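Student: Taken in sequence, the protein lines are chains A and B. For what it's worth, our numbering labels the leading residue of the first sequence as 7, then goes sequentially. For what it's worth, our numbering labels the leading residue of the second sequence as 1025, then goes sequentially.
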Amino acid sequence: MSEIKNIISGCLKGNRRDQELLYRRHSARLYAVCLQYSGNDEEARDILQEGFIKIFENLANYKHEGSFEGWMRRIMVNTALEKYRAKHSLYRVDDIDDIPEPDADPDNEDYSGLHADDLLEIIRELPPKYRMVFNLFAIEGYSHKEISEIVNISEGTSKSNLSRARVILQRRVGSYTGIKKKRMLNG
Amino acid sequence: MDDRGANIDIVFRNGLKDYEVLPPQDVWDSIQPVVRKKQRPLALLRAAAMFAVLVSLSFLAYRFSREIPAGLEGPVMAMNPESFAPVNDIVYESQPIYDLSQNNDDLRSAVAGNRDLTPVATDNLNAEVHFPETSAVSNQLHGNDRNTDYLALEYKSRSYLDISSNDALDIPDNNSRKIPNRWSISALVSPTYQSRFSSGDNEAVSQVMNTEQAEMSYTGGISLAYKVNKRFSIQSGIYYSTIGKELTGIKAYSGFEDHFYTKGSPNFTVLTSSGNVLTSNNDIFLTDGLTSDRIQTLYNIDVFDPVKASLSYIDNSIHQNFSFLELPVVIRYKVVDRAFDFNLIGGVSSNLLVDNTVFATGENGRTPVGNTDGMNIITFSSSLGMGMEYNLSNNLSLNLEPTFRYYLNPFNDIPGMRIHPYSLGVFSGISWKF
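(1) Answer with yes or no whether the minimum CB distance from F1292/B to chain A is below 9 Å.
(2) State buried or exposed for R172/A, treating a residue as buried only when at least 16 other CB atoms are found within 10 Å of its CB.
(3) From which residue to which residue does the alpha helix (DSSP H) around K11/A run?
(4) Could you check where the alpha helix (DSSP H) with A233/A kicks off and where it finishes?
(5) Tell me whether V1232/B is buried or exposed, calling it buried when 16 or more other Cβ atoms sit within 10 Å of its Cβ.
(6) By Cβ distance, which residues of its chain are closer than 8 Å to E146/A, with the 5 residues on each side in sequence left out?
(7) Given a cut-off of 9 Å on the beta-carbon distance, is the pair E1413/B and S1407/B in contact?
(8) Along the chain, where does the alpha helix (DSSP H) that runs through P134/A open and close?
(9) Could you check what DSSP says for M995/B in three-state terms: helix, strand or coil?
(10) Please list, in chain order, all residues of the same chain as N141/A whose beta carbon is under 7 Å from its beta carbon, the five residues on each side excluded.
(11) At a CB-CB cut-off below 8 Å, which residues of chain B make contact with Y29/A?
(12) Determine the direct distance from the alpha carbon of F62/A to that of N21/A, and round the result to whole angstroms.
(13) Could you pull the DSSP bridge partners for Y1217/B from this structure?
(14) Taking the beta strand (DSSP E) that N1300/B falls in, what are its first and last residues?
(15) Find out if the Cβ-Cβ distance for the pair F1346/B, L1377/B is shorter than 9 Å.
(16) From which residue to which residue does the beta strand (DSSP E) around K1041/B run?
(17) Straight-line CA distance for G1370/B to R1356/B?
(18) CB S1298/B to CB F1435/B, shorter than 9 Å?
(19) Can we say the region 1270-1286 of chain B touches the region 1327-1337 of chain B, given the rule of at least three CB pairs closer than 8 Å?
(20) Distance cutoff 9 Å, beta carbons only. Does D1437/B sit that close to anything in chain A?
(21) Looking only at DSSP bridge pairs, what is V1360/B linked to?
(22) Ignore the nearest five residues each way along the sequence and tell me which others in S1257/B's own chain have a CB closer than 7 Å to its CB.
(23) Which residues in the same chain as L1416/B place their Cβ atom closer than 8 Å to its Cβ, once the five residues preceding and following it in sequence are excluded?
(24) By the three-class DSSP mapping on this structure, what secondary structure does T183/A have?
(25) State the start and end residues of the unbroken alpha helix (DSSP H) segment that holds G1440/B.
(26) Whose C-beta lies closer than 6 Å to the C-beta of K1457/B among residues of the same chain, with five residues either side of it excluded?
(27) Just confirm the distance between the C-beta atoms of Y1217/B and G1244/B, as a whole number of angstroms; I'd bet it's less than 8 Å.
(28) At 3 residues or longer, what runs of the beta strand (DSSP E) sit wholly inside the region 1298-1351 of chain B?
(29) Which residue marks the beginning of the beta strand (DSSP E) containing Q1259/B, and which one marks its end?
(30) With a cut-off of 9 Å, does the C-beta of L142/A fall near any C-beta of chain B?
(31) Would you verify that the beta carbon of V1301/B is, or is not, closer than 9 Å to some beta carbon of chain A?
(32) Quick one: which residues of the region 1037-1050 of chain B get their C-beta closer than 8 Å to a C-beta of chain A? List them in chain order.
(33) Take every Cβ of the region 1333-1353 of chain B, pair it with every Cβ of the region 1382-1394 of chain B, and state whether three or more of those distances are shorter than 8 Å.
(34) What's the C-alpha gap between N1171/B and S1210/B?
(35) Out of V1035/B, E1350/B and A1238/B, point me to the one whose CA is closest to I1401/B's CA.
(36) With DSSP as the reference, identify every bridge partner of V1354/B, one or two as the case may be.
Spelled out as structure tokens, the structure:
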């Protein structure tokens, strides 16, 4: 039996050590997912907490088919979706106006030098509706049809939200890289 | 634009792949108590059931070890126990009460060992009278000459098989034929863990079952038992039992009264493995946080936002509860009859549905939601258990009975699905015999 199967088996028996081991091994990766889907740290913390409780409650339903990490990630994403539905379902579509104009070349496609924490910061600045569609489409790999069912929007809205999200992200990435280059040039 | 869009997608997908951020330390501190709290009742029940099984097996082993004497190697007798009586069992007529006013010589002769006493009649016509002082305990059994059917008459020694010990051989005598305290009344209560056996191809219900969690339930009541003979007794009574499930992921809000507009029909229908829950409380708003298939309503999250409407959040799940009055008919077979008795118990019950509620539990207590539609009013269940009985006195005893119960017919008719609940409980209580 593989190690993860042993840990799962221990968790199902209520073994406290295995429960903590499971959490310690996977919480950092899953917390990054939570941050990616949330607008602030407090919300991410809540998603992680609720998501892990669901993971422990539903461990018996895990069939050992496919990646266990993928199974946990889906639970986290679903938990984030629940929060999103409860809080942001009627978010204004014209939120794009709230985004500050970039101060660097938006056509700059040199994304080198961008770290994961920069990307995370950029993605979290997106309005929730765009962030959710972008995450589901670009990161999780869902189709617009699937997203329309998950988020309860039309396929057209999903495509539109993705398009706007990409525009914002390109501007922000351009801004980041431009600022970084200026800093490097200035010494 | 498409290429650039796909490009930015790849930047984020690859950049965030395998990215890790350590969560705040106190998150695990918040998760752990919740997980442990949910697992504890089940773990305790399992431990109690395991303990009961171990105790039962120990008593069975003890019983069998006592039934097979270590030195049993000689010839085995085949006999009709009623055709003989051991010499020692002869009953003497009770000593007459002497009137002190009578001649003291009579008293003196009696006290001095006047052996001219007459034995009372017994079943053994040819039984000899022996007096403890003058005759050694005879190793010879004297049977009824007219009906002697035993094959061997001699014991090598008294220690070979102690026939005065009631637990070694069930030799009926005048006393054992009479069963004292034929009736007993008991009060029993049990926490029960319930689950179900299911078969069928209803995908929707199969998925719904994964979101339902059994809740600890209770059964209690009073029973009356009649002892048919030394081993068998028949028991009936009346019990009150509850069965509960938590429908996880269904968020409940209150304050919907001011917003709904359909009259005369339930606002929400929730699919469960026990049937459809219909809301009757118009103040309740329900939304499904796990799947999109369980709730049927005009008020889905697209047309009504409970947060924006400032509804009061109650809980992330609702509870489905059923209560029954049970009328059991149970047969008990006593395997071990000692100060600590051991019984095998089996029977059937008819269960009358007396309560069918669905509620949400929040900080302000229970809020009614509705009820489950189409429930069978009467169901039948079978039970099998082991009963341990510790006799505190001739009349009073303590009982502990791990019992498995299987419902013979489903609670509700679910298309394409047969769901038979079962439960495991450990009854404990007290009995009074009369």
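Using N, Cα and C, we set each Cβ at its ideal position, and we do this for glycine too. Note that this is a predicted model, so its numbers are computed, not measured.
Tutor: If we stick to the structure as given:
(1) Start at 1 with the first residue of the second sequence, and residue 1292/B comes out as number 268. Cβ-Cβ to chain A under 9 Å: no for F1292/B.
(2) The residue you call residue 172/A lines up with position 166 of the first sequence. With 16 or more Cβ atoms within 10 Å of its Cβ, R172/A is classed as buried.
(3) If you number the first sequence from 1, residue 11/A lands on position 5. Looking at the DSSP string, the run of the alpha helix (DSSP H) that includes K11/A is E9 to L18.
(4) In the structure as shown, chain A starts at 7 and stops at 193, and residue 233/A therefore has no counterpart that could be examined.
(5) Here residue 1232/B is taken as the residue at index 208 of the second sequence, counted from 1. That one is buried.
(6) Locating residue 146/A in the first sequence gives position 140, counting from the first residue. Only V83 meet the Cβ criterion.
(7) Stepping through the second sequence from its first residue, residue 1413/B is reached at position 389. Stepping through the second sequence from its first residue, residue 1407/B is reached at position 383. Cβ distance not < 9 Å, so E1413/B and S1407/B don't count as in contact.
(8) In the first sequence, the residue the question calls residue 134/A occupies position 128. It spans P134 to F140 - the alpha helix (DSSP H) in which P134/A sits, taken as one unbroken run.
(9) Examination of residue 995/B is not possible in this model, given that chain B is present from 1025 through 1458 alone.
(10) Looking up residue 141/A in the first sequence gives position 135. So the list reads Q42 and Y43, once near-sequence residues are dropped.
(11) If you number the first sequence from 1, residue 29/A lands on position 23. Residues of chain B passing the Cβ test: W1052 and I1055.
(12) As a working note, residue 21/A is residue 15 in the first sequence. As a working note, residue 62/A is residue 56 in the first sequence. Distance between the alpha carbons of N21/A and F62/A: 11 Å.
(13) To locate residue 1217/B, count along the second sequence from 1; it is residue 193. Y1217/B pairs with L1448/B.
(14) Taking the first residue of the second sequence as 1, we reach residue 1300/B at position 276. Here the beta strand (DSSP E) through N1300/B covers G1299 to T1303.
(15) The count along the second sequence starts at 1 and reaches residue 1346/B at position 322. The count along the second sequence starts at 1 and reaches residue 1377/B at position 353. Yes, they are a contact pair.
(16) For the purposes of this step, residue 1041/B is taken as residue 17 along the second sequence, with counting starting at 1. First-last for K1041/B: undefined, no H or E at that position.
(17) Within the second sequence, residue 1370/B is the residue found at index 346, counting from 1. Within the second sequence, residue 1356/B is the residue found at index 332, counting from 1. Near 7 Å, if we compare the C-alpha coordinates of R1356/B and G1370/B.
(18) If you number the second sequence from 1, residue 1298/B lands on position 274. If you number the second sequence from 1, residue 1435/B lands on position 411. Yes; because the gap between Cβ atoms is below 9 Å, this pair is in contact.
(19) yes
(20) As a first step, residue 1437/B is located in the second sequence; it is residue number 413 there, counting from the start. Chain A, which has no Cβ nearer than 9 Å to the Cβ of D1437/B, makes this no.
(21) Position 336 of the second sequence, counting from 1, holds the residue named residue 1360/B. According to DSSP, V1360/B bridges with F1366/B.
(22) Taking the first residue of the second sequence as position 1, residue 1257/B is located at position 233. A1249, Y1250, K1251 and R1356, listed in sequence order.
(23) Numbered from 1 along the second sequence, position 392 holds the residue referred to as residue 1416/B. Taken in chain order, the residues that qualify are L1422.
(24) In the first sequence, counting from the first residue as 1, residue 183/A sits at position 177. Helix.
(25) Counted from its first residue, the second sequence places residue 1440/B at position 416. No alpha helix (DSSP H) holds G1440/B; DSSP gives it neither H nor E.
(26) Mapped onto the second sequence, residue 1457/B falls at position 433. So the qualifying residues of the chain are N1205, S1208 and N1419.
(27) Looking up residue 1217/B in the second sequence gives position 193. Looking up residue 1244/B in the second sequence gives position 220. About 15 Å; that fails the 8 Å criterion.
(28) 1299-1303, 1308-1312 and 1319-1321
(29) Residue numbering aside, residue 1259/B sits at position 235 when the second sequence is read from its first letter. Run containing Q1259/B: F1256 to S1278, per the beta strand (DSSP E) assignment.
(30) One-based indexing of the first sequence puts residue 142/A at position 136. Judged by the 9 Å Cβ criterion, L142/A is not in contact with chain B.
(31) Taking the second sequence and counting its residues from 1, one reaches residue 1301/B at position 277. Not one chain A Cβ lies under 9 Å of V1301/B.
(32) R1037, G1039, L1040, D1042, Y1043, E1044, V1045, L1046, P1047 and P1048
(33) yes
(34) Your numbering for residue 1171/B matches position 147 in the second sequence. Your numbering for residue 1210/B matches position 186 in the second sequence. Unreliable placement is indicated for N1171/B, whose pLDDT of 45 sits below 50; the coordinate value is still reported in the next sentence. Roughly 44 Å separates the two Cα atoms.
(35) Position 377 of the second sequence, counting from 1, holds the residue named residue 1401/B. Minimum Cα distance to I1401/B is reached at E1350/B.
(36) Here residue 1354/B corresponds to residue number 330 of the second sequence, with the count starting at 1. Note: V1354/B sits in a beta bridge opposite Q1259/B and G1371/B.
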